[in-house]
């Protein structure tokens with residue numbers, strides 16, 4: 028009789044443990060499913076926001092590009108002469124091989140000639156002219172991604188130097204010929 032009672036208690040204990048483990052496992056499964064559903068809902072919201080943000084960014088970029096194009100035909104140039112600085116009409120430099128009208132052609136060609144270079148990923152600032160030597164053009168630029176900046180130096184012989192933004196390190200130097 029005692030043996031039967033002990034067997035019954037053991038079976039009930041085992042069934043109780045199995046039921047508890049099953050209940051615990053089911054609760055964990057439900058938790059995981061709930062978390063998964065929350066993450067999917069959050070991801071869908073983020074994707075919707077990103078697509079709205081992307082379309083806003085595209086609109087903003089097209090507006091900025093049209094504004095840049097309006098400003099790009101700048102009629103004046105900042106000129107550095109030794110320690111002094113002045114503003115001059117761009118036509119003052121039209122007789123130079125590299126002038127205000129074609130300096131971006133040299134820079135874009137140099138960027139695109141570098142390995143992995145893509146000038147469309149860079150936002151250029153207005154060029155500045157330095158009256159040292161035969162005259163050099165300096166253009167500051169940033170990655171459109173917002174990470175990284177550059178300084179481009181263009182000599183009158185068509186040599187384009189690409190520097191990091193602080194001019195601590197020369198990244199590349201390209202000799203460019205424009206027909």
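In our numbering, the protein residues as written are 28 to 206.
Glycine included, C-beta positions come from ideal geometry on N, C-alpha and C.
(1) Could you tell me how far apart the beta carbons of residue 166 and residue 152 are, in whole angstroms, since I believe they sit closer than 8 Å?
(2) Suppose contacts are defined by Cβ-Cβ distances below 8 Å. Is residue 202 in contact with residue 188 by that definition?
(3) Quick check: what's the CA-CA separation for residue 33 versus residue 59?
(4) Excluding the 5 residues preceding and the 5 following residue 204 in the sequence, name in chain order all residues of the same chain whose CB lies nearer than 7 Å to its CB.
(5) By the 10 Å Cβ neighbour count, where 16 or more other Cβ atoms means buried, how is residue 18 classified, buried or exposed?
(6) Taking the alpha carbon of residue 195 as the point to measure from, which residue in 178, 183, 182, 206 has its own alpha carbon closest?
(7) Report the residue from 131, 157, 161 whose alpha carbon sits nearest the alpha carbon of residue 115.
(8) For residue 170, which three-state DSSP category applies?
By the coordinates alone:
(1) 6 Å
(2) no
(3) 39 Å
(4) 185
(5) No answer is possible for residue 18: the residues shown for the chain start at 28 and end at 206.
(6) 178
(7) 157
(8) strand
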